[in-house]
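Have a look at the structure below, then the notes.
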Amino acid sequence: MREYQSLAVEQHGPVAHVMINRPAKANSMDEAFWSEMVEIFEWVDTTDSVRVAVISGAGRCFSAGIDLNMLAQAAGSMVSDIGRNAERIRRNILRLQAAFNAVDECRKPVIAAIHGYCIGGAIDLIAACDMRYATTDAHFSIKEIDVGMAADVGTLQRLPRLIGDGIMRELAYTGRAVYGEEAERIGLVNRVYPDHASLLEAVMDIARQIAAKSPLAIRGTKEMIRYSRDHSVADGLNYIATWNAAMLQSEDLKLAVAAQMSKKPAEFAD
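Below, the structure written as structure tokens:
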């Protein structure tokens, strides 16, 4: 795996640890970040030996969101024609959305470990993850409203399904800060921990627990959850019936049943 400009990746057995790695800039999301996210999560998706991904921030925080210098450069590239500006802006927004779609659409579970600032674009990122865990001092804010724009990289589309419509609207309209314990109470994160070290230890333990399960069963479970989010109950039931018509013939099912009966852990192929 090559070295990256804005991210760092380590593989610990079946767990890939992806770190936003611009600590001197509060892990703000610069131009390189967006293309590197797509590349890295394509690698996570297609590398059989990786079964779970954890994403965290290096240094003092998770991420302060999009790099404002990047926004300034985009503003400086505008031309006089409104239509051409609109086409350019739209194309760029879709490019940014693709970075977090890569997380959402990854076949492997992705877990966010959040400490310190998690604002603006960082909320878009964690909303695309499967689960979120945080420190008690984690600071969440849908900050886009304070710079005169609507969040456009996934927060407004994904967050209502995590914390409910009413509280999402309050946070999106006011931009107010939410800290770790409130984030847990409203369902933004699953659990909070007293410090960054205990957070990472716990999240890595959860990742290893998931990695020990049948990768086909985990794949099917994530696919069904994602599909059911965007379809009716009837559609979801029909899809799982078709999916499991094949997957229930997997060797993993026999191994899992035998392990349950013998009370010994199963070892599944990648």
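Residue 153 in numbering that gives the first Met the number 0 sits at position 154 of the sequence shown, with consecutive numbering throughout. Think of the CB as a built atom: it goes at the ideal place given N, C-alpha and C, for glycine as much as any other residue.
Which of helix, strand or coil DSSP assigns to residue i
i      : result
Gln208 : helix
Leu6   : strand
Ala257 : helix
Gly56  : strand
Arg1   : coil
Met203 : helix
Ser273 : In the structure displayed, the chain extends from 0 to 269; residue 273 sits before or after that span and is not available.
Arg270 : Any property of residue 270 remains undetermined from this structure, which presents the chain solely from 0 to 269.
His230 : coil
Phe293 : This structure does not reach residue 293, given that the chain is present from 0 up to 269, and the question cannot be answered.
Arg184 : helix
Phe61  : coil
Met223 : helix
Ser213 : coil
Val49  : coil
Met28  : strand
Val314 : An answer regarding residue 314 cannot be provided, because it is not within the stretch 0 to 269 covered by the chain.
Ser34  : helix
His138 : strand
Ala17  : Position check: residue 17 holds Val in this sequence, whereas Ala was assumed. DSSP places Val17 in strand when its eight states are reduced to three.
His114 : coil
Ala133 : strand
Val270 : Any property of residue 270 remains undetermined from this structure, which presents the chain solely from 0 to 269.
Val152 : coil
Proximal residues to residue i (C-beta, below 7 Å), its chain only, five neighbours per side dropped
i      : result
Tyr172 : Ile144
Leu126 : What sits at residue 126 in the sequence shown is Ala, not Leu. Here the set comprises Gly153, Thr154, Arg157, Leu158 and Leu161.
Pro108 : Val51, Asp129, Ile209, Ile217 and Lys221
Leu254 : Ala265 and Phe267
Tyr226 : Gly235 and Tyr238
Asp151 : Ile92
Glu258 : Here residue 258 is Ala; the residue named in the question, Glu, does not match the sequence. Here the set comprises Pro264 and Ala265.
is_contact[residue i, chain D] using C-beta, thresh 9 Å
i      : result
Glu200 : No chain D is part of this structure, which consists of one protein chain only.
Counted within 10 angstroms of its Cβ, other Cβ atoms place residue i as buried (16 or more) or exposed
i      : result
Met11  : In the sequence on display, residue 11 carries His and not Met. Exposed: under 16 other Cβ atoms inside 10 Å.
Arg90  : exposed
Ser5   : buried
Ala245 : exposed
Leu67  : exposed
Met332 : In the structure as shown, the chain begins at 0 and stops at 269. Residue 332 is therefore absent and cannot be evaluated.
Lys142 : buried
Ile118 : buried
Val232 : exposed
Asp123 : buried
Ile92  : exposed
Leu187 : buried
Gly120 : buried
Presumed contact (8 Å Cβ cut-off) between residue i and residue j, rounded CB distance
i      : j      : result
Pro198 : Tyr132 : One point to set straight first is that residue 198 is Leu, not Pro, in the sequence displayed. About 6 Å separates the two Cβ atoms, so the contact holds.
Ser140 : Ala176 : 5 Å
Gly56  : His138 : The pair is not a contact, with the Cβ atoms about 12 Å apart (cut-off 8 Å).
Pro193 : Thr135 : 6 Å
heavy atom of the ligand FMN below 8 Å from residue i C-beta
i      : result
Val256 : In terms of ligand content, the structure shown is empty, and the ligand FMN therefore cannot be addressed.
6 Å Cβ shell around residue i - same chain, five flanking residues per side excluded
i     : result
Met77 : Asn84
Asp47 : Asp269
Neighbourhood of residue i by C-beta distance below 8 Å, restricted to the same chain and skipping five residues each side
i      : result
Glu250 : Ala268
Ala23  : Gly58
With a cut-off of 8 Å, do at least 3 Cβ pairs link the stretch 171 to 186 to the stretch 91 to 109? no
Tell me whether the stretch 5 to 17 and the stretch 193 to 207 touch, counting them as touching only if at least three CB pairs, one residue from each stretch, are closer than 8 Å. yes
Can you confirm whether the stretch 58 to 66 touches the stretch 19 to 29 when touching is taken to mean that 3 or more C-beta pairs between the two stretches lie within less than 8 Å? yes
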